[in-house]
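Chain order of the listed sequences is V and P.
Quick note: to get my numbering, add 190 to the position in the first sequence (first position is 1).
Quick note: to get my numbering, add 6 to the position in the second sequence (first position is 1).
The beta-carbon is built from N, C-alpha and C at its ideal position, and this holds for glycine as well.
Below: one structure, written as structure tokens.
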Amino acid sequence: MSLAPQLIALCLLVLIAAQGMPTHEWTLPEGFPEPPVPADNPLTVAKVELGRHLFYEAQLSGNAQQSCASCHRQELAFSDGLRVAVGSTGERHSRNSQGLANVAYAATLTWASPSLTSLEHQVLIPMFGEKPVELGLSGREAELVARLRARPLYRDLFAAAYPEDADPFTLARITQALASFVRTIVSYRSPYDRYVYEHDERALGPAERRGMELFFSERLECFHCHNGFNFSDATVHADSVVEATSFHDTGLPAGDQGLAALTHRPEDVGRFRAPSLRNVELTAPYMHDGSIATLEHVVAHYESGGADSPRKSPFVRGFVLSDAERRDLIAFLKSLTDRELTHDSRLADPFVRTR
Amino acid sequence: MRVVVVLCWLWWSGCAPEATFTLPFRALVGGRSFGCDTIYEGLGASKSAARFEDLRLYVSRLRLVRPDGSEQPLALVPDGAFQGGSTALLDFEDRRGSCAGTRATHETIHGRAPAGQYTGLRFDVGVPFEQNHGDPARALAPLDVSSMFWVWRHGYKFMRVELRSERERRPLVVHLGSTGCSGDGAVVGPPARCTRPNRAPVDLRFVPDRDAIALELSPLLASFTLEGESASDGCEASPDDPDCAPVFTALGLSRAPQQVFAAVPR
């Protein structure tokens, strides 16, 4: 006798169960692409809710002193305001914490990791990385699972997120939930978005519009690396067909190997992925090393063209701005700020009691 | 004629009784048994005293070698923890003293192969390419051990040797694994190849039931300065790290034969 009928029946049941799970609604404006979602980790409301709790959960660090949110604060568009990240044991990272808004669209993750394309995989770096220690969970995966299992809150959240699992308390289920929540941190409600997607002419003032012209000009060249709806050339979305593969040397002083730390190719030294400029007003300090404190200084860096390097991006070659133009450019950059993102209760810390 | 030979071989190999082989590994530091509690003197170029904090490594693709040089793959007995598929995790640290890993150890590999005469043993230090670059959160034992995850390099640490000097309390970390990994046709994407796979092949004259495999750490550590102003913090397998060159050499990843593993009488 064949097992096939039973198997098909079981598969159907699982499918029906999965289909029955409410999926996350993007609520994006028309024309704003949806981010890619891996087929093996469908974005359900229950999984996102579990992920939100895990994201803000201090038990997710070895010494229970930090959560993901420690370095990715909602009020700062999920960045941390520090020059470089500081882990749960006090160890300093060599690089600046990136804002997580729209990370779901990032072609590759972290500042320069060419093979890291999945959020499910990426979350393992802060959890288990040892150089530097971030959340400090290396060697403590069993303890992590035990800590979560011990809390009734998580028994309910895991069961709701993974109703088909006999035991959902696994590392894979934790990373899937975390990735699902992080995937929903999408910024699309800035004045710029109202101007572009809702055709609200009043959303941008004259200074911001002049700044936008400068930003997208061949004179300044900003848009070559910070292009498209996400203001980064390393962007993918649900319907992308071309892979974005860009990493750039922005003319900062040498030090960090950048992409070459992984590829070991001399031509990759000092090359980094261009981050999205959305919410850039909130994500200071700037650059991979956090070495530039303000937007004004970032613009000054690109005006000067930065330090000479044989690998420097051909688009970083300096330009001249009047004081008024500089103010306009910065006004435009600030029009990419999405204040609703920083107050969205769907993205907020679930452990903070509402006043 | 060829058909007859093949049929005979199939009949013979199909009927040859399976036997269990135990391969005991002995970790040594300058000839002394490895232990988490032990202070070892004279380590590295600086001749420093140090205590170990970790010693774990993956070995894979184990093959017994017949007198005619042909290989018989050893089927690892899965145990849900240290052995699974073609990969085993050797774990010499027992969480005592200076070590902070797992209480359980795994120093003897159990495998099955047809009974017969074998005079050699071959294996790789490392995780096979096919298993090395997947999602570790979903991996099965022995690839589910987070201390061996090497996520920033999109793979596993093949070998994890950690120690701390006694006088200056300086840590020294040797992590070996594949580097220079990139996607297919482009730089981006899950690794399709690595410029430095760093899977160290080991080929020993070895008689099962008579021999054990010694893993001598001193050649790995011989060139490191553990203390003082020029102290090294170790090697993370970067091909351009001068501290790594002697590690690669000791493991036979340069042209010279490996100096770490040897067959010794039990």
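Straight-line Cα distance separating residue j from residue i
i, j, result
"P/Phe-230", "P/Val-167", "13 Å"
"V/Ala-601", "V/Met-477", "This structure cannot settle anything about residue 601 of chain V, because the visible part of chain V is limited to 191 through 545."
"P/Ala-106", "V/His-438", "40 Å"
"V/Asn-292", "V/Glu-486", "24 Å"
"P/Arg-38", "P/Thr-44", "10 Å"
"V/Pro-304", "P/Gly-140", "15 Å"
"P/Thr-185", "P/Glu-136", "15 Å"
"V/Ser-251", "V/Tyr-295", "26 Å"
"P/Asp-247", "P/Ser-238", "11 Å"
"V/Ser-328", "V/Leu-368", "17 Å"
"P/Ala-147", "V/Phe-318", "17 Å"
"P/Arg-199", "P/Trp-158", "16 Å"
"P/Ala-94", "P/Ser-66", "6 Å"
"V/Gly-400", "V/Gln-249", "The identity of residue 400 of chain V in the sequence shown is Arg, whereas the question assumes Gly. Distance between the alpha carbons of V/Arg-400 and V/Gln-249: 48 Å."
"V/Lys-340", "P/Glu-59", "Looking at the sequence provided, one finds Ala at residue 340 of chain V rather than Lys. Approximately 30 Å, taken between the alpha carbons."
"V/Met-191", "P/Pro-30", "Legend: pLDDT at V/Met-191 = 42, less than 50; position of this residue unreliable, no value from coordinates given."
"V/Glu-398", "V/Val-489", "15 Å"
Per DSSP, the bridge partner or partners of residue i
i, result
"P/Cys-241", "P/Val-180"
"V/Ile-482", "V/Tyr-476"
"P/Tyr-64", "P/Leu-95"
"V/Ala-369", "None, per the DSSP bridge assignment."
"P/Tyr-162", "P/Phe-155"
"P/Gln-89", "P/Ala-94"
"P/Cys-187", "P/Cys-200"
Chain-order list of residues whose beta-carbon lies under 6 Å from that of residue i (same chain, five-residue window excluded)
i, result
"P/Arg-205", "Asp-130, Gly-132"
"V/Arg-409", "Phe-509"
"P/Asp-209", "Arg-128"
"V/Gly-480", "Arg-273, Val-274, Asn-286"
"V/Leu-202", "Low confidence applies here, because V/Leu-202 scores a pLDDT of 49, under 50, leaving its location unreliable and the question unanswered by this model."
"V/Asp-539", "Tyr-246"
"V/Val-323", "Gly-277, Thr-279, Glu-281"
"P/Gly-126", "Val-71, Arg-211, Phe-212"
"P/Pro-177", "Arg-170"
"V/Gln-312", "Leu-299, Leu-306"
"V/His-414", "Phe-505"
Beta-carbon proximity list for residue i, same chain, < 8 Å, skipping 5 on both sides
i, result
"V/Asp-233", "Per the sequence presented here, residue 233 of chain V reads as Leu, with Asp not at that position. Same-chain partners within the cutoff: Thr-213, His-214, Val-227, Ser-370, Arg-373, Thr-374."
"V/Ala-444", "Val-459, Gly-460, Ala-497, Ser-499"
Buried versus exposed call for residue i [16 or more other C-beta atoms within 10 Å across all chains shown]
i, result
"V/His-389", "exposed"
"P/Arg-173", "exposed"
"V/Lys-237", "buried"
"P/Ser-236", "exposed"
"V/Pro-456", "exposed"
"P/Gln-123", "exposed"
"V/Ala-131", "This structure cannot speak to residue 131 of chain V, because chain V is shown only from 191 to 545."
"V/Phe-185", "Limits of chain V in this structure are 191 at one end and 545 at the other, which puts residue 185 of chain V out of reach."
"P/Gly-75", "exposed"
"V/Pro-504", "exposed"
"P/Asp-97", "buried"
"V/Arg-545", "Any reading at V/Arg-545 is ruled out, since the residue's pLDDT is 43, under 50, leaving its predicted position unreliable."
"V/Val-542", "exposed"
"V/Arg-468", "buried"
"V/Lys-524", "buried"
"V/Asn-253", "exposed"
"P/Glu-233", "buried"
"V/Ser-494", "exposed"
"V/Glu-391", "exposed"
"P/Val-266", "buried"
"P/Arg-216", "exposed"
"V/Ala-451", "buried"
"P/Leu-68", "buried"
Proximal residues to residue i (C-beta, below 7 Å), its chain only, five neighbours per side dropped
i, result
"V/Arg-223", "Checking the sequence, you will find Pro at residue 223 of chain V rather than Arg. Excluding positions up to five away in sequence, the list reads Phe-419, His-427, Ala-428, Asp-429."
"P/Ala-243", "His-181, Leu-182, Gly-183, Thr-185, Asn-204, Cys-250"
Neighbour flag for residue i against chain A, beta carbons, 8 Å
i, result
"V/Leu-314", "Here the protein chains are V and P, and chain A is not one of them."
The ligand FAD heavy atom lying under 7 Å from the CB of residue i
i, result
"P/Val-83", "Ligands in the displayed structure: none, and consequently the ligand FAD is not present."
Tell me which residues of the segment 109-122 of chain P have at least one Cβ-Cβ distance to chain V shorter than 8 Å, keeping chain order. none
Give, in chain order, every residue of the segment 178-200 of chain P whose Cβ lies closer than 7 Å to some Cβ of chain V. Thr-185, Gly-186, Cys-187, Ser-188, Gly-189, Ala-192, Val-193, Val-194, Gly-195, Pro-196, Pro-197
Listed from N- to C-terminal order along the chain, which residues in the segment 221-244 of chain P have their beta-carbon within a distance smaller than 9 Å of any beta-carbon of chain V? Answer in chain order: Glu-242, Ser-244.
Under 7 Å, CB to CB, which of the residues in the segment 444-465 of chain V have a partner in chain P? Leu-452, Thr-453, His-454
For the segment 283-312 of chain V, which residues have a beta carbon sitting closer than 9 Å to at least one beta carbon of chain P? Ala-297, Thr-298, Thr-300, Ser-303, Pro-304, Ser-305, Leu-306, Thr-307, Ser-308, Glu-310, His-311, Gln-312
Residues in the segment 146-157 of chain P having any Cβ partner in chain V nearer than 7 Å: Ser-152, Ser-153, Phe-155, Val-157
Note down, in chain order, all residues in the segment 351-381 of chain V with a beta-carbon under 9 Å from any beta-carbon belonging to chain P. Thr-360, Leu-361, Ala-362, Arg-363, Ile-364, Thr-365, Gln-366
Closer than 8 Å, Cβ to any Cβ of chain P: which residues of the segment 326-339 of chain V, in chain order? Leu-327, Ser-328, Gly-329, Arg-330, Glu-331
Going along the chain, which residues of the segment 229-244 of chain V sit with their C-beta nearer than 8 Å to a C-beta in chain P? none
Contacting positions in the segment 98-109 of chain P - beta carbon closer than 9 Å to chain V: Ala-106, Gly-107, Thr-108
Residues from the segment 56-73 of chain P in contact with chain V, defined by Cβ distance under 8 Å: Hits within the stretch: zero.
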